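Each residue of the sequence shown is one higher than the one before, counting from 1 in my numbering. This report refers to the structure that appears directly beneath it.
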Amino acid sequence: MLPLLLALASLALAQDPPGPPGVPDMPVGPAPHVRTTAEHPHADFLREAARQAEPSAEAAAWRSGEAAEPYHLEAEVLAAAAALVERWPGRVTPERVGRSSQGRSIWGFRVSDPGVPVQRKLLVFANIHAMEWISTEVALAFLEELAASPPPGVEVMVLPMLNVDGRQRVEGDLFAGEERFRRSNARGVDLNRNFAVHTEPRAVWRHILPGRYQVPPEPLSEPEAQAIDRLGAQGWDAAVSLHAFGGFHYLPWAGDWERAPDWPALHALGLLMQSGQGAGAYKPMQLSRWGFFFRGHGMEIDHLYGRYGIPSVLVELTRSGIERPADLSTPFRMYNPRRPARHVELGVGALRAVAWEMSQSVQTGQPLPWFDLSPAAP
Ligand SMILES: [Zn+2]
1 MLPLLLALAS LALAQDPPGP PGVPDMPVGP APHVRTTAEH PHADFLREAA
51 RQAEPSAEAA AWRSGEAAEP YHLEAEVLAA AAALVERWPG RVTPERVGRS
101 SQGRSIWGFR VSDPGVPVQR KLLVFANIHA MEWISTEVAL AFLEELAASP
151 PPGVEVMVLP MLNVDGRQRV EGDLFAGEER FRRSNARGVD LNRNFAVHTE
201 PRAVWRHILP GRYQVPPEPL SEPEAQAIDR LGAQGWDAAV SLHAFGGFHY
251 LPWAGDWERA PDWPALHALG LLMQSGQGAG AYKPMQLSRW GFFFRGHGME
301 IDHLYGRYGI PSVLVELTRS GIERPADLST PFRMYNPRRP ARHVELGVGA
351 LRAVAWEMSQ SVQTGQPLPW FDLSPAAP
């Protein structure tokens, strides 16, 4: 009898009820190598930024050498943005808005004051063209300013680098000391001719240049342009695309001589940006009227305005060539002045005026002068 009782007792011990479901079998007390804090909500972005932070030997040599430029490399842009994400939790939110044709992340950063409901939205993107690094400097400086003091009631989405593959190639050229003109993405497509409003009049060119005519890719064939299209569908009270060079605030249409249906409102937005700049301010102008021969087909401002009704501005930063004709002799310098600070201040001034006008309208309840346009696709 005793052996049976002992056997039953050991069985009972063996079947000791387990702990509550979901609790792993762990020793009591914190294990020394297990992180007990929850993972950072933006760990994905921070990991990617950290992965890039270790500069390559080439990058380090270039940065410490005489050929270094006062412009951020891609890794440095991400590191600066990561510092903002960590410093201002809840204010600066990274978001992978897409991937380039070579699979690189395209990062955007939403900034808002978390204590005030968002009622107005501004989209700012830069570096659609590979070499126009001054545009990234403006976007990053604006992002830093917004993070420190976000305009109440406004969400601003800033994309410092859209054409990350093209930018990467420019970095390679700089490290190698080679002067190359770069504009397109990795597949050789000019992203700012890849949108779907006022597209290229293909049939005409096919007849004018028989044999030499190359069929351009379908509109929105490129993932970078698709990323902007997806963002556009979210609806914005204004969108600004930063380029170089020229010193103008260009407005739709780019692909048609006609005035846009909302021209007075668009012009008001351009004038506001001019007013935010002070000395050396850029004037607003309809892009297609830059020259009687010029039409920009498939451009971002026509797309965002024509398809989604977003008042959109293409800013050509700097007056390279006009101010320093010698700068036109090297492709990188053509777009990116030796001393960017003044140009960054001009660009940020224009963006600041828009963001704070939006905030003002939230506080006063007054409509924006350019607010609430309806889609006007041709
Ligand atoms: Zn450009």
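C-beta atoms are modelled at their ideal positions from N, C-alpha and C, and glycine is treated no differently. As the structure is a computational prediction, the values presented were derived from the model and not from experiment.
Please classify residue i as buried or exposed, where buried requires at least 16 other C-beta atoms within 10 Å of its C-beta.
i	result
G270	buried
Q277	buried
A203	Its pLDDT being 47, under 50, A203 is placed unreliably in this model, and the value from its coordinates should be taken loosely. Counting Cβ neighbours within 10 Å, A203 comes out exposed, since fewer than 16 surround it.
E218	exposed
Q286	buried
A7	Here the model assigns A7 a pLDDT of 43, short of 50, so the residue's position is not dependable and the matter cannot be decided.
H40	exposed
P32	Residue placement at P32 is poorly supported in this model, since its pLDDT is 42, which falls under 50; the coordinates still yield a value, given next. Exposed, because fewer than 16 other Cβ atoms sit within 10 Å of the Cβ of P32.
E222	buried
W257	exposed
S149	exposed
R167	buried
F294	exposed
R104	buried
E300	buried
I128	buried
T364	exposed
Going by the CB atoms, is the gap between residue j and residue i shorter than 8 Å?
i	j	result
P369	S312	no
M131	R193	no
Y305	A233	no
A227	I106	yes
P55	R63	yes
H385	E200	The structure shown has nothing for residue 385, since the chain only spans 1 to 378.
E74	F175	no
R120	V362	yes
E224	L162	yes
Hey, would you say the C-beta of residue i is under 7 Å away from at least one heavy atom of ligand 1?
i	result
I228	no
E132	yes
H243	yes
H42	no
H129	yes
N185	no
G192	As written in the sequence, residue 192 is Asn, which differs from the Gly given in the question. For ligand 1, at least one heavy atom lies less than 7 Å from the Cβ of N192.
Starting from the C-beta of residue i, find all residues in its chain whose C-beta is less than 6 Å away, skip the five residues before and the five after it, and write them out in chain order.
i	result
P160	V77, A126, T136, A139 and L140
A186	S101, Q102 and D165
L146	V111 and V156
P89	none
V170	A130, M131 and R182
Per the DSSP calculation, residue i is bridged to which residue(s)?
i	result
S64	The partner list for S64 (beta bridge, DSSP) is empty, contrary to what the question assumes.
M285	Y250
W88	BP columns for W88 are empty, so no partner.
I106	G98
T93	R110
E155	K121
Among residues of its own chain, excluding the 5 on either side of residue i, which ones have a beta-carbon nearer than 8 Å to its beta-carbon?
i	result
P27	Because the pLDDT at P27 is just 41, under 50, the model does not fix this residue reliably, and the value given afterwards should be weighed accordingly. Counting only Cβ-Cβ distances below 8 Å, and skipping sequence neighbours, we find nothing.
L5	Residue confidence is low: L5 scores 43 on pLDDT, short of 50, so the model does not pin down where it sits. Its coordinate-derived value is still stated next. If we look at L5 and ignore the five residues flanking it on each side, it has no Cβ neighbours.
V34	In this prediction, V34 has a pLDDT of 44, which is less than 50 and means its spatial position is unreliable; what the coordinates show is noted afterwards. Cβ within range, chain order: n/a, list empty.
A260	L251, P252, W253, L266, Q286, Y305 and A376
P340	P70, Y71, I134 and E137
Between residue i and the rest of its own chain, which residues show a CB-CB distance below 7 Å, the 5 nearest in sequence each way excluded?
i	result
L351	V124, F142 and V240
E409	For residue 409 there is no data in the structure shown, the boundaries of the chain being 1 and 378.
L122	V154, V156, W236, D237, A238, V354, A355 and M358
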